[in-house]
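These notes are about the structure you will find just below.
Number of protein chains: 4
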Amino acid sequence: MSDRPKRADARRNQENLLDAAAAVFVTSGVEAPIRDIAAKAGVGTATIYRHFPTRADLIVAVYRHQVEALAEAGPALLESSETPYAALAKWLDLLVDFVVTKRGLAAVLQSDDPCYDPLHSYFLDRLEPVCSRLLDAAVESGEIRAGQDPYELMRAVGGLSAGGDKPRYNVRRLVGLLVAGLRAG
Amino acid sequence: MSDRPKRADARRNQENLLDAAAAVFVTSGVEAPIRDIAAKAGVGTATIYRHFPTRADLIVAVYRHQVEALAEAGPALLESSETPYAALAKWLDLLVDFVVTKRGLAAVLQSDDPCYDPLHSYFLDRLEPVCSRLLDAAVESGEIRAGQDPYELMRAVGGLSAGGDKPRYNVRRLVGLLVAGLRAG
Amino acid sequence: MSDRPKRADARRNQENLLDAAAAVFVTSGVEAPIRDIAAKAGVGTATIYRHFPTRADLIVAVYRHQVEALAEAGPALLESSETPYAALAKWLDLLVDFVVTKRGLAAVLQSDDPCYDPLHSYFLDRLEPVCSRLLDAAVESGEIRAGQDPYELMRAVGGLSAGGDKPRYNVRRLVGLLVAGLRAG
Amino acid sequence: MSDRPKRADARRNQENLLDAAAAVFVTSGVEAPIRDIAAKAGVGTATIYRHFPTRADLIVAVYRHQVEALAEAGPALLESSETPYAALAKWLDLLVDFVVTKRGLAAVLQSDDPCYDPLHSYFLDRLEPVCSRLLDAAVESGEIRAGQDPYELMRAVGGLSAGGDKPRYNVRRLVGLLVAGLRAG
DNA sequence: GATGAATGAGCATTCATTCAT
DNA sequence: GATGAATGAATGCTCATTCAT
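Residue numbers (UniProt numbering), protein chains in the order written: chain Z, 1 to 185; chain C, 1 to 185; chain E, 1 to 185; chain V, 1 to 185.
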C-alpha cells in the first residue's frame, strides 16, 4: 500500500537522470540527442520522456537549482553590497557565470522555436523581477539612468554569453561595459 | 573557341546562385538546406558545391559586397564624423544593421563548428582592422579608454545581434550602451 | 475476515475500469493506448492487464451488455414482428447501430491479428446463432432465399459499418439493400 | 547536356521502386514501413521520399495502372454486356477483385486520416464518374431503382472488401446481393 | 492485489554530400 | 562543366508489456 519505496526509487532515478542530463549538456550542449542522455543515465529514452515530456522541461529541471539560487542572490546582494550598482554588477556576473558555462543554453534562450517557450517563461518569470528590482534600486540611488528594461538587459547578457568565454572574449568584462554604459551623468 | 562566352556564362550563373542564396537566407536563414537554394536558383545541388565547396564559402560570397562596404565605411566615417567616437558609434550601427538583418548569421558567427572557420576568418580579416582603427582613433582623441580588443567588441556586437531586433530588444541601443561603457573618465 | 468487502471492492474497481474504457473508446476508438484508459480510470496500467490480460478481453467486457442485449433481441423481434424478414431487418439495424457507434470496433472485427481472435469468437459465439435463427425463419417463411451464411452476413455488416455513418454513406440503407438482395423470387 | 540517360535511369529506378512497393504491399499491406519497401528495392529510404513525397503518392502510383484499367473497363462493359445491369455487376466484380487483393487498401480508403485524402481523391475522381454512368444506364434500362449514390456504393464495396476473401466470406457474392437489392420492382 | 516506473524496439522524416551520366 | 538522383546516418517520439515494491 505504501508508495514510499516507489517514490524513493523514482526520485533517485530522477536525480540520476538530471545528473546524466547535466553531464551530457556540458559536453554536447542542451540540444544533445535524448538518446545520448538516456544512454548516459543508463535508462531507456522513454524514461526521460516520462519524467520530462519536453526538452524544455528537462532543461528547466536541470538548471532549476541554479536559477533559484540566482533569484535569491539578487536581494541578498542588494543588502550586502556597498551600493545598488555594485549589487547589480555582481548579480549580472553571477548570471554570466551561470549562462556561459551551460553549453547551448544561451542559444535556446534566444531561439524563437515555440517548443522553448516554457523555458523562456521560467527564466523570465523567475529572474526578470529580480533584475528589475536591482535596476530600480540602482536608479533610486542615482547610480544609473532610468528606463532600462530588465528583459532587454537579461537577453543582452544571454547574447553576450552565447559566445562562451574565450581568451579574447571576456563576457564578464563586456557585461561590465554594458552596465557601465547605464551609469548616470 | 574563345572562352569569353563561357566566362560570361559562368559569372551569370554564379550571380544567379548568389541571388538565390541571398533570397533563401532571408526567408530561411543562412543554414537553409542546400537543396532549397538550388531549387530557388533552378540548378542542381552539385552546382552549388562546385562553385562553393562549403557553406561558409557561399555565405562569404553572398555577403562579400556588404562586408566590403562595411570595411570601406570605417575610414570614411572617420573622416566625415565630428569625432572618432561618433565614427565608431556610427560604424557599429552599420555593423548591427548588417548582422541583425541576416537571419542566422550571428549564430554561425558564434558557432564553434570548424566548418565555419573560413567565415570567421573572412569577417575578421576584413573588419577587425577597421574596427581597430576606429577604436584607436577614439582612444587617441581621448574619448574612450584604451585596451578594448576590437575582436572582442565585434563578437559582442554579433552576440547582441543574434537575438534580432524585437519590440523589447533594441540591438542598436544595447551596442550604444556598450560603447558608452568604453568612454573615458 | 470476510471477503465480501473485497469482492465488492474489486467489482467496483472493475466497473470503474469498464466505464473509463468505454469513455475512452468513444473518443479515441477501441485501439486507444492502454495508458489513456488507465489514466481515465485513475489506475495503473498493470491493473488493467490484471483484469483484462489482452485488449480483446477488455473490449469484450466493455461491450458485453450490449452484445447480450443484441443476442436477446433476436428471438424477441422474431416474436414481435409481423414477419421473420421484418425481424431480421430490424435486428440488423440494431447490429448496425451498435457497431457503427463503436469507434474502431468494426476495424478490429475485420482484423486478422490473432490477438483479436477471442474477440471474434465471442461476438460470433453469441450472435451468429441469433442471426442464423433469424435467417432460417425468413427462409422458412419464404421471404428470402436459403443459403446465406450468417457468419458472412454479420461480417458484411461489420465491413459496411466500418466506414461510419456519414452524410453520403448511410450504413443502415446499405445493409437494407443487402438483405433486400436476399429476397426470394 | 542531354538528360536522356538520367531520365532512363531514373525511370527504371522508379519502376523498380514501384515493383518493390507492390511486392511489399502484398505481404505487409499498404501501410508497410517505408524502410521495408526501401530494403526490398535495394535503395535508401530517402530515394522513396524523393519519388513519392507521401505514402498516398506511392500507393496511387503503385495502383494507377489498375485504377485506369478499371476506369476504362466501365464504358467497355457497358457496350459489350447484354444489359446495363450486367455491366454494372461485372464492373463491381472487377472493383472487388482489385480492392480485395490489395492488403490494407480498403482500410486506408476508409481512413479519416487526412494524409490519405489525396488517395481518396484520386480513386473517386477516377472511378466515381464511371460508376455513376453505369448506375445511370441501369436506371434508364429500368433494371434498378434510381437514387443510388455512386460514392456510397463504391465505399460499400470498399467496406465489404476490407475483410478480404475467405472461405466463409465471399465478397463478390455480397456485392452481388447489394446490387440485387437495387433491382427495380 | 495494485501500482506505475522502466523498458527498448520501431517508424517517419530530413539533409549534407557524392558520383555516374 | 553541370546535373540531380541516390545515399544512409541521425533523431524525436510512441506504446505495449513487464516487474519490483
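Beta carbons: idealized from backbone N, C-alpha and C, even for Gly.
Check: Please look up how many angstroms separate the CB atoms of A71(Z) and L127(Z), rounded, as I've assumed it's under 8 Å.; Outcome: 6 Å
Check: Report all residues from its chain with a CB closer than 8 Å to the CB of S121(C); omit the five preceding and five following residues, and keep chain order.; Outcome: none
Check: Could you please tell me which residues of the region 172 to 185 of chain V, in chain order, have their CB closer than 9 Å to any CB of chain E?; Outcome: R173, L174, G176, L177, L178, V179, A180, G181, L182, R183
Check: Which residue wins for smallest C-alpha separation from K102(C), given the options A180(C), E31(C), Q14(C)?; Outcome: E31(C)
Check: Would you mind telling me which residues of chain Z sit closer than 7 Å to G159(C), beta carbon to beta carbon, in chain order?; Outcome: G159, L160, A162, G163
Check: In the DSSP assignment, the alpha helix (DSSP H) including S161(Z) goes from what residue to what residue?; Outcome: 150 to 162
Check: Against R50(C), what residues of chain Z qualify as contacts under a CB-to-CB distance less than 9 Å, listed in chain order?; Outcome: Within 9 Å Cβ-Cβ: nothing; R50(C) doesn't reach chain Z, min ~32 Å.
Check: Run through DSSP, which three-state label would K102(E) get?; Outcome: coil
Check: Tell me whether the region 135 to 152 of chain C and the region 127 to 140 of chain Z touch, counting them as touching only if at least three CB pairs, one residue from each stretch, are closer than 8 Å.; Outcome: no
Check: Using only alpha-carbon positions, find the residue among P118(Z), Y116(Z), L105(Z), A21(Z) that is nearest to A41(Z).; Outcome: A21(Z)
Check: If I follow the unbroken alpha helix (DSSP H) through T45(E), where does it start and stop?; Outcome: 45 to 51
Check: Suppose contacts are defined by Cβ-Cβ distances below 8 Å. Is L92(Z) in contact with V175(Z) by that definition?; Outcome: yes
Check: Quick check: the Cα distance between Y116(Z) and A107(Z), rounded to an integer number of angstroms?; Outcome: 11 Å
Check: For the alpha helix (DSSP H) containing L77(Z), name the first residue and the last one.; Outcome: 55 to 80
Check: Under a CB-based cut-off of 8 Å, is R126(Z) close to chain C?; Outcome: no
Check: Tell me whether E143(V) is buried or exposed, calling it buried when 16 or more other Cβ atoms sit within 10 Å of its Cβ.; Outcome: buried
Check: Evaluate R168(C) with the Cβ neighbour count: other Cβ atoms within 10 Å of its Cβ, from every protein chain shown; 16 or more gives buried, anything less gives exposed.; Outcome: exposed
Check: A162(E) and A162(V) look like a contact to me (Cβ under 8 Å); what is the Cβ gap, rounded to whole Å?; Outcome: 6 Å
Check: Tell me whether V26(Z) is buried or exposed, calling it buried when 16 or more other Cβ atoms sit within 10 Å of its Cβ.; Outcome: exposed
Check: Using DSSP bridges, identify the partner residues of Y169(V).; Outcome: K166(V)
Check: Return the CA-CA distance between A73(Z) and N16(E), expressed in angstroms with no decimal places.; Outcome: 50 Å
Check: Please find out if some non-hydrogen atom of the ligand SAH comes closer than 7 Å to the beta-carbon of S161(E).; Outcome: The model on display carries no ligand, and the ligand SAH is accordingly not part of it.
Check: Assuming V24(V) contacts D36(V) (C-beta within less than 8 Å), just tell me the rounded distance between them.; Outcome: 5 Å
Check: If you drop the 5 nearest sequence neighbours on each side, which residues of the same chain put their C-beta closer than 8 Å to that of D3(Z)?; Outcome: At D3(Z), the pLDDT of 45 sits below 50, so the modelled position is not reliable and the matter cannot be decided from this model.
Check: Determine the contact status of G164(V) and V100(V), defining contact as a CB-CB distance below 8 Å.; Outcome: yes
Check: Between I34(C) and T45(C), is the Cβ-Cβ spacing less than 8 Å?; Outcome: yes
Check: Taking the straight line between their C-alpha atoms, what separation do you get for R145(Z) and V67(Z)?; Outcome: 27 Å
Check: If you follow the alpha helix (DSSP H) that Y122(Z) is part of, which residue opens it and which one closes it?; Outcome: 117 to 140
Check: Just curious, the alpha helix (DSSP H) that A41(E) is in, first and last residue?; Outcome: 34 to 41
Check: Would L78(C) and A87(C) be called neighbours here (beta carbons separated by less than 8 Å)?; Outcome: yes
Check: Roughly how many angstroms separate the alpha carbons of L160(Z) and A38(C), rounded to a whole number?; Outcome: 34 Å
Check: Give me whichever residues DSSP pairs with R183(V) in a beta bridge.; Outcome: I144(V)
Check: Given this structure, state the Cα-to-Cα distance separating residue 234(V) from Q110(Z), to the nearest angstrom.; Outcome: Residue 234(V) falls outside the range modelled here, since chain V spans only 1 to 185, and no answer is possible.
Check: Hey, out of L124(C), A137(C), Q148(C), S80(C), whose CA is closest to G158(C)'s CA?; Outcome: L124(C)
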